[in-house]
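Chains A and C, in that order, give the protein sequences. By our numbering, the letter at position 431 of the first sequence is numbered 458, and the numbering carries on one by one without gaps. By our numbering, the letter at position 535 of the second sequence is numbered 1831, and the numbering carries on one by one without gaps. Cβ atoms here follow ideal geometry from the backbone N, Cα and C, with glycine treated the same way. Remember, predicted model here, so these are calculated numbers, not experimental data. Everything on this sheet refers to the single structure shown next.
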Amino acid sequence: MRNWFKSGAPWIWMTGGAVSISLVAVVGLLVLIAWRGLSFFWPSAVYEFELEELNGHRHTVIGELYDSEQVSAERILSSGVKLPDDHEDVITRYLLKTGNREYVDLDFRWIMETQIKSQSAPSEIAVFERSTNGNFYGYVVGLLENGEPVKAQDMRNELFQRMERAIELNDKASELQHGPIGKINYELERLRLKERSYELKGELDDAAKAEFEAQRQAYHDQYLGLEKELFDYRNQASRDAVIVKDMDGREVALPMQKVLDVHFPNDMGFFAKFGRWVHQLYKFVSDDPREANTEGGVFPAIFGTVFMVMLMAVIVTPLGVVAAIYLHEYAKKGPITKMIRIAVINLAGVPSIVYGVFGLGFFVYMVGGSLDQIFYPEALPSPTFGSPGVIWSAITLAILTLPVVIVSTEEGLSRIPSSVRQGSLALGATKAETLWRIIVPMASPAIMTGLILAVARAAGEVAPLMLVGVVKMAPTLPLDGNFPYFHLERKFMHLGFHIYDVGFQSPNVEAARPLVYATAFLLVTVIVGLNMAAIAIRNRLREKFRALDQ
Amino acid sequence: MAEEFSLSLAGSRKRLVKDKLAKYSVTTGAIMVLTALLLIFVYLLYVVQPIFESAHIEKQVTLDLAKADAGHGKTLALGMEEQNEIAYRLTDTGLIEFLSLKGDNAGSVILSEKLAGEVTAFSQTIPSKGMMVYGFDDGSIQIVQPDFMVSYPNDQRLIEPRVLYPMGEAHLQIDESASAIKNLAFEMAEEQAGIAAVMADGRTVFMALTAEENMMTEEITWTQESTVLPDAPAKVDQILLLPNMRNLYLRSGNRLAIYDISDIDDVSLTSVLEINAPGANVTKVRLLTGASSLIVGNDNGAISQWFEVAKDGERRLTKIRDFKAQSSIIDIAPEYYRKGFLTLDQEGYLGIFHTTGDTRLLSEKLSDKPLTALAISPRANALLVEQEGKISLYDLENEHPEVTWSALWQEVWYEGYPEPDYVWQSTSASDEFEPKLSLVPISFGTIKAAFYAMLFAVPIAIAGAIYTAYFMSAPVRSVVKPTVEIMEALPTVILGFLAGLWLAPIVEENLPGIVMLIIGLPVGVLIAAFIWHNLPKSLKQATPEGAHSLILIPVVILIGYLSFQFSSPVEYWLFDGDARKFLTNELGVSFDQRNSLVVGIAMGFAVIPTIYSIAEDAVFSVPKHLTNGSLALGATNWQTLVRVVILTASPGIFSAVMMGLGRAVGETMIVLMATGNTPLMDWSVFQGMRTLAANIAVEMPESEVGSSHYRVLFLAAFVLFIFTFCFNTLAEFVRQRLREKYSSL
């Protein structure tokens, strides 16, 4: 034993153990996120529990099993909850999602093993996804049309048909609202700003005033027409209702207009569940968030992230490549260049929040404020570019990721054998031609790697964005059908910030938690994917030049 | 030959021009990019720099009061309105006079009102209330308030002065004795007011007024009650009344008598104390804004700040700190909204001080002739000084008096605190709030978070790096290394979210399990190693070298599983089923759910790949002939590793740790989400902290641009910047040196 210790073998094992811990942690983390994020969309069974309180009072609870934990009886008793006398030391308790938010105090509740008398999963239980107040669980009893009961052979089929109709009408209404009506509002605001700018220039005479008034009137008339159409759709949509019996035996009429989806999870086979899982996943990435971001999808956040990152890529690539070419090809090799190089590398290690502070002070307040004074005096005192927005986020992150691109490009340049350069020069090409025709194309995979790494870093960065442009809920996307189409001054939503906001600032963290896992999974997938791509490109590049060297 | 050469040049002139053009444009572009990076440093400094500037004054205009009628009397109080366009003075003849400060007609009287009666006493409230009180020879008083109405006819600002009488235009009789008032004080709160007066017959009377609003007419009627103060000194030099109507101070020479007046029916003298500086006499006492502090001026130029400090269950007026002016103090003017004040002294010096900053911002001789009165504008950007029938207006530049080196980095005795302390509390709902901008608690939090993260990360990362670089076979290494490095790319917001919402509850529920895990992992690995050691040789030889870590993966998972499985039973066995309660009740350790342990683990994970990657490179690039030499001379693998490889790679490992530290210090999202963000100064592993970076993220969006708070947050960013930049430069420098050394070996 002593010899074994003396040989140092245990210590080697210990170092090996460190690697295992790291590996278990990384893989475990990824698996945890993936599992939690993806299982959320799987239609879970809805149970009906018969509960009995200590005083003999019985009642029914319907809900999804969310979580379970083992708690010592001691702790339960000390929190003031009574237990039957013959309780065990450790008690299992279940977290149940009971939905029906407007009829019960809490849509999540803990129930103890000791309370449960019976448990079943009746196939008739329906789960309604609604546009407000979250899910509703219960038994479908009947349908109403204009308050009158509907007779139907196949109640479920009828329910699905009427739901489809309501959804279609709702879609039309929302299309109208965001399309033409949104455009009118936008034009009216532009008109107001134009009028104000005339006023500032002192050109607002009576003729101009009348002109503006006429235009405003025209928009207003147009609006009235559209409004009528909108109300029409809404009226039609509010025709039907479905009667549902909830866990307390109460029959509740749910207006069909609010129902987004309905399914019978206990009546589904594996393939039906899988189909629904895919459908839910699709809705998650394509829908707008609802109810303070705690339900619905994350489409605006995905769009915002991608838009901002693309904008950043457009800014950072030329700047980073030019700086790298200068440092590697033109700058004199000496202590100053070396110092600059070290400084650039170190900037990559400066905390991102510092860039955020810089972006807020310099870009938003100083540059943006000046732009407002020069180009948008009519909108003052409300800022146009002088408040956080997607353009400032992109520029701030471009500066943040500049070192990544510079370092990666320089590395690519230094990997190109000098024989290639000398060959080109010997054949009579100028330095610029050598660079443009030979060096840059050869270094392009390295530039690509740098860009991908920059994009991956930018997509995951949240701290600076909190200062320079991200919001929890952006009413409009930075890209829409209104002139000038790109609205770079607008605030935007971001996946990373969405995680922070929903996980930590939302009123109902319990309900939102699976959504946060799903968002996190989405973000991790994108970033790990990008990084893998960068690594693969880098490795291929190395192979290529190794072949060239020989 | 030469001719040919020049010909070929001529043919390619265009190309040469292009070449030059490319060179210059790349150079300018690159220099612009590099300058932009430098700009971060410069801009942060540019924003931070004003907080360290001292105050500045510049004379604007001098108004000649001799031009006005000579019978106006001696100035009792001076003041001006917010825009510094109109000044007012109140004189001992009962005259209230408004003077223009702007343009050509500076010095002209805009409005003047004269009060009836023979003025015998005068006093003013705290500046933000802006009221004055006159006492007359018939035992009556009158309260006046200079007021300004701002309107915008034709988009031009127009300020019109007027005199308000908050308690009515009629004089208010203190009592029936009708003896003259020699000295008085007045204060007004929401619905109550208090008047203290020294009468000619030697009595000191306190009168409390309570407002009652008539619901119908909205007219306010005041009911009054009065009492004579017991044991009042014979000669009273100054009366000070606190606006909260709890205490009354009577100054008689150097002695200050403190009365408890919270109950009008039971007014009592609580204590008497000497407030003069050693060997000097008190000349003037004023209340600082917020009315918690007394500023005492002495005839040797010493100024001291006093406030009540709770000690041994008793509140006692205590001397807090001293300031020094040139000579005997003749007037003290507190600022309206900040804890600063101005002084005038006998030799004509103006002094500007700030209590929180513990600093004299300015001491400037204004005149050889004696100065008589002083006033500061509500926005603290101008001041008025009177001397010999002249009033001078000075512009005052004093934006950030509260931020000084000592206020940021040393213990400060804040108002209402029992002792000097490091506190970060930047905002509050109240106007009279004393901002507490000590960077020490949040810097401490930063170091604490980084310390726990490093404690967790350094052993794992370095041990892992050594193993990967030295023992692992190439194919395994090519899988393991990128896998660990992928973690570096993981957004920290995800780590923070997992730490806050997933890990923190787990740690809270399974505290014994976590402890068992920390002890169990190394022990379990050793046991596994020993078992392996005793396995038959044939099996050992069948496994490739450097597979230890793969063999250990199930061991690690098993230990983790067992630790959590046995957490609950162990908790039941050792701590009666509740480890948290045990910690709090038996050990007196308070427990936050989001604590340093959680941050340490989560941030440790964020830092591991940084350290691992660089350290692994350093170990891997140790030249092979060194290790081969050592092994050939008979050293074991472990001896070679410790005596040769690690020693050679130690600068690289050091630089890896530096890089990791830089990352841990600047990390924002993990700390923001995994701690309670309370600026505590406590090393306890079960308590949270607030770091510089998280503090910026939380407070920056709400901070007013250009305010002291805003600039201090920039300073915090600057500190972070410099800190990480220095660490990284050191690390990078060491790394480059090492690389050169290797290439020479």
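The beta strand (DSSP E) enclosing residue 1417/C, as first and last residue numbers: 1415 to 1420
Smallest Cα separation from residue 423/A: which of 455/A, 340/A, 50/A? 340/A
Is the shortest distance between the beta-carbon of residue 1301/C and the beta-carbons of chain A less than 7 Å? Since pLDDT at residue 1301/C reaches only 48, below the 50 mark, its modelled position is unreliable, and the value read off the structure follows with that caveat. No, residue 1301/C lies away from the interface with chain A (no Cβ there is under 7 Å from its Cβ).
I want to verify the contact list: residues of chain D whose CB lies under 7 Å from the CB of residue 1829/C, in sequence order. In the structure shown, chain D cannot be found, because the protein chains are A and C.
Kindly confirm or deny that the region 116 to 126 of chain A and the region 82 to 102 of chain A touch, where touching means at least three C-beta pairs closer than 8 Å. yes
From residue 100/A to residue 107/A, what distance separates their C-alpha atoms? 11 Å
Over the uninterrupted alpha helix (DSSP H) stretch that includes residue 463/A, give me the two end residues. That residue, residue 463/A, is in no alpha helix (DSSP H); it is neither H nor E in DSSP.
Through-space distance from residue 1439/C to residue 1510/C, alpha-carbon basis: 22 Å
With distances taken Cα to Cα, identify the nearest neighbour of residue 386/A among 1998/C, 1309/C, 1989/C, 1336/C. 1336/C
Pick out whichever of 44/A, 28/A, 335/A has its Cα sitting closest to the Cα of residue 1814/C. 44/A
Classify residue 443/A as helix, strand or coil using the three-state DSSP reduction. coil
For the beta strand (DSSP E) holding residue 1438/C, just list the boundary residues, first then last. 1436 to 1447
Is residue 2001/C helix, strand or coil by DSSP? coil
Does residue 1888/C get closer than 7 Å to chain A when you measure Cβ to Cβ? no
In chain order, which beta strand (DSSP E) runs of at least 3 residues are fully inside the region 1368 to 1422 of chain C? 1371 to 1376, 1382 to 1387, 1391 to 1396, 1405 to 1410, 1415 to 1420
Determine the chain C residues that contact residue 225/A at a beta-carbon separation under 8 Å, and present them in chain order. Per Cβ cutoff of 8 Å: no residues; residue 225/A is ~17 Å from chain C at best.
Which full runs of the alpha helix (DSSP H) of 4+ residues lie inside the region 1927 to 1982 of chain C, going along the chain? 1933 to 1936, 1942 to 1962, 1965 to 1970
Report the three-state DSSP secondary structure of residue 97/A (helix, strand or coil). strand
If we ignore side chains and look at the alpha-carbon of each, how far apart do residue 446/A and residue 455/A end up? 14 Å
Under the three-state reduction of DSSP, which class applies to residue 357/A: helix, strand or coil? helix
I'd like to know if residue 1994/C contacts chain A, where contact means its C-beta is closer than 7 Å to some C-beta of that chain. no
Residue interval of the beta strand (DSSP E) (run including residue 1354/C): 1352 to 1360
Would the beta-carbon of residue 318/A be found less than 6 Å away from any heavy atom of the ligand FAD? Absence of the ligand FAD is noted for the structure shown, with no ligands found whatsoever.
Buried or exposed: residue 262/A, going by 16 or more other Cβ atoms within 10 Å of its Cβ? exposed
What does the Cβ neighbour count give for residue 1632/C, buried or exposed, with the cut at 16 atoms within 10 Å? buried
Between the region 509 to 523 of chain A and the region 533 to 552 of chain A, do at least 3 Cβ pairs fall closer than 8 Å? yes
Counting only beta-carbon atoms, is residue 1556/C nearer than 7 Å to chain A? no
Could you tell me which residues DSSP puts in a beta bridge with residue 1494/C? 1479/C, 1500/C
Residue 527/A versus residue 500/A - alpha carbon distance: 13 Å
Can you list, in chain order, the residues of its chain whose CB lies under 7 Å from that of residue 214/A, leaving out five sequence neighbours each side? 246
With 7 Å as the limit, tell me which residues of the region 386 to 420 of chain A have their beta carbon closer than that to any beta carbon of chain C; keep them in chain order. 387, 388, 389, 392
Look at the Cβ atom of residue 1647/C, then the Cβ atom of residue 1621/C, and state whether they are nearer than 7 Å. yes
Is any beta-carbon of chain A found at less than 7 Å from that of residue 2000/C? no
If contact is defined by three or more beta carbon pairs under 8 Å, each pair taking one atom from either stretch, is the region 1902 to 1914 of chain C in contact with the region 1982 to 1999 of chain C? no
Would you mind giving the Cβ-Cβ distance between residue 1625/C and residue 1644/C, rounded to the nearest angstrom? I have them listed as a contact below 8 Å. Contact flag wrong, Cβ pair sits at about 12 Å.
Using a Cβ-Cβ cut-off of less than 8 Å, list which residues of the region 1923 to 1947 of chain C approach chain A; keep chain order. 1932, 1933, 1934, 1935, 1937, 1938
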